[in-house]
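Below is one structure, written out as structure tokens; the observations come after it.
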Amino acid sequence: MLTLKGLGVCELSLCCAFLLLLRGVQSDSSKTLELMSMYRLIDGHNDLPLHLRMLGNNKLSQFDLYNSPKTATDITRLKAGHVGGQMFAAYVLCTAQDKDAVRLALEQIDVIRRMCTEYPELELATTAAEMNATKKIACLISVEGGHAIDSSLPALRMFYQLGVRSMALTHTCNTPWAESSSLYYPYYKRENKSLTEFGKAVVHEMNRLGMLIDLSHSSWATAEAVLQLSKAPVIFSHSAAYKICNNPRNVPDKLLLMLKANGGLIMVNFYSDFIACGDQSDVSLVADHFDYLKHVIGAEHIGIGSDYDGASGFPQGLEDVSKYPALIGELLRRHWSEADLAGVLRLNFLRVFEKVEKIRDELRNTLPSEVSIPLAEAQNECRLVLRHPNSSKMVKSSGMQASNLLGSGALFWTVLFFHFMLLHKPTYLN
Ligand SMILES: [Zn+2]
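According to mature numbering (1 follows the signal peptide of the UniProt record, and there is no 0), the stretch in the sequence shown is residues -27 to -1, 1 to 403, in order.
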């Protein structure tokens, strides 16, 4: 057995240094865990519901939410990661736009509601107070992509009634009223119309309802227009700093400064493509984004929006929802104060959500908006216009209106032609 007596001076000092180092590591990690149990993390973006659809067609009964090796998220690991709140994305693929996007969004909302009410460790929350009060993992429903409302404010309001408290104005596709940061889908491209009049009505209505406006995935021009217009603070629920990684999904300094003035929040995405502009990254590179953002706008405008299960390729050491302590430990080592980290973990989001609710309360005498999108802007063959049954046709779409017009024109000329034939029959037949 090794005893201190048997060691020389040199070995003794090495041994002491090692013990001190070990103690430092232990106290760092216990400080991290203590902080994280006091301020349980609220994460701005998680796509587990998308996997519930892809892996099992939303059949929750066939999914083990305690142990799910195929996803980065399950309840066991959420608890290990000290997660106290999670915004779950009701995400609908852009290819569903103008088709069945509304139904698909409803089905994703349904599966989130089921998940967060059937598992006793989770709790569906719809207010900042509920999120703050629960000892469980609070779930907040967030619609990802404005195409899910099919350019309809009544649909937006009904989503609110179902518990949706946040909506990203776009995903990777433009909507008829807002632009995406992605150029992948060619439709609904407009010249200098980052936010149309209807888009402005969506922003006003979200302010009135008390829904968080999420600008992740929006084009910078759309984000700028919203930041100028919104009465309430907004969020980027899962984006990082453009200065460090030049990806259009990240936020440039100009918008960061506008976000600070707006009182909003950027919740940092962990996806390696947005952290390092490549598939290799680690905890330190993620922490670089936090350092930079703190330098530009201050820690009170920063949160965490990991994007787990929304992408594949996460930093080494941050592979799933159990790994958040690695990041908080790194920020502590970089001398972030406990107050700053309490904000990043939880309090900044609650402050923003409370302010959004306060603006809603101030607007309580404003009636629901009756603005509707002009049909020419929606360009949607599936969009029906209900008419009175006594009118010539009860149901018409914009496309059908044109063909009906054509049809009735053709009918007119046919009648005229036969009328002409009948009148001039002898001559014509000869
Ligand atoms: Zn996303």
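Note that beta-carbon positions come from the ideal geometry of N, C-alpha and C, so glycine has one too.
Proximity below 7 Å, CB of residue i to CB of residue j
i	j	result
Ser245	Gly286	yes
Ser210	Arg222	no
Ile85	Phe322	no
Lys109	Leu95	yes
His274	Lys233	yes
Gly276	Gly17	yes
Asp258	Ala214	Before going on, a small fix: residue 258 reads as Leu here, not Asp. The answer is no: Cβ separation not under 7 Å.
Ala74	His120	yes
Ser189	Thr143	no
Glu178	Ser342	yes
Val137	Ile114	yes
His24	Thr44	yes
Asp20	Asp282	yes
Val241	His262	yes
Lys32	Pro206	no
Leu229	Val199	no
Glu330	Gly237	no
Ser124	Pro159	no
Ser167	Ala194	yes
Val256	Leu300	yes
Ala272	Gly316	yes
Whole-angstrom distance between residue j and residue i, CA atom to CA atom
i	j	result
Asn40	Asp47	6 Å
Pro127	Leu314	39 Å
Glu335	Thr99	18 Å
Leu79	Arg360	27 Å
Lys204	Ser139	15 Å
Ala106	Glu164	46 Å
Ala351	Thr339	26 Å
Ile208	Ala196	10 Å
Ala102	Leu185	15 Å
Leu305	Tyr12	14 Å
Phe61	Asp280	10 Å
Pro42	Phe132	31 Å
Pro288	Lys296	10 Å
Asn147	Val176	16 Å
Cys355	Leu348	11 Å
Ile248	Glu303	16 Å
Gln253	Phe243	12 Å
Arg181	Ile332	7 Å
Leu66	Ser2	40 Å
Leu318	Asp264	15 Å
Leu8	Thr145	36 Å
Arg337	Gln134	16 Å
Ser381	Asn363	Here the model assigns Ser381 a pLDDT of 45, short of 50, so the residue's position is not dependable and the matter cannot be decided.
Lys162	Lys52	43 Å
Lys227	Leu320	25 Å
His308	Ala260	12 Å
Glu311	Asn30	42 Å
Leu28	Ala63	16 Å
Glu292	Thr90	27 Å
Bounding residues of the alpha helix (DSSP H) (the contiguous stretch that carries residue i)
i	result
Glu303	Tyr297 to Arg306
Gly57	Unbroken run through Gly57 is the beta strand (DSSP E), Val56 to Tyr64; no alpha helix (DSSP H).
Arg50	Ile48 to Ala53
Leu200	Trp193 to Leu202
Ala315	Glu311 to Ala315
Arg86	Ala74 to Glu91
Ala101	Ala101 to Ala106
Val176	Glu170 to Leu182
Residues near residue i by beta carbon distance below 6 Å, same chain, minus five either side
i	result
Asn353	Asp71
Ala111	Gly58, Glu96, Ala98 and Met104
Leu77	Val65 and Ala69
Met231	Leu200
Pro22	Phe61, Gln81, Val84 and Ile85
Phe326	Ala101
Own chain residues within Cβ distance below 7 Å of residue i, not counting five before or after
i	result
Leu38	Asp47, Ile48, Met88 and Tyr92
Gly278	Asp16, Gly17, His18, Ser210, His211, Met240, Val241 and Asn242
Cys250	Cys218, Asn219 and Asn220
Terminal residues of the beta strand (DSSP E) in which residue i lies
i	result
residue 432	In the structure as shown, the chain begins at -27 and stops at 403. Residue 432 is therefore absent and cannot be evaluated.
Asn19	Leu14 to Asn19
Gly276	Ile275 to Ile277
His120	Looking at the DSSP string, His120 is not in any beta strand (DSSP E), and its letter there is neither H nor E.
His211	Ile208 to Ser212
Glu138	Correcting the residue type first, residue 138 is Arg in the shown sequence and not Glu. From DSSP, the beta strand (DSSP E) with Arg138 extends over Val137 to Ala141.
Asp187	Leu185 to Asp187
Sequence-distant residues of the same chain with beta carbon closer than 8 Å to residue i, five excluded per side
i	result
Arg26	Glu80, Gln81 and Val84
Lys398	A caution first: Lys398 carries a pLDDT of 38, below 50, which makes its placement in the model too unreliable to give a value.
Ser10	His55
Beta carbon proximity, residue i to chain D, threshold 7 Å
i	result
Asp261	Reference to chain D is not applicable here, since this structure consists of a single protein chain.
(message) For a minimum of 4 consecutive residues, which ranges assigned as the alpha helix (DSSP H) are wholly contained in the stretch 328 to 371?
(response) Counting only unbroken stretches of 4 or more residues, the alpha helix (DSSP H) elements lying wholly within the stretch 328 to 371 are 348 to 351, in sequence order.
(message) List, from N- to C-terminal side, the beta strand (DSSP E) runs of 3 residues or more that fit wholly inside the stretch 214 to 290.
(response) If we require 3 residues or more, the beta strand (DSSP E) runs fully inside the stretch 214 to 290 come out as 238 to 241 and 275 to 277.
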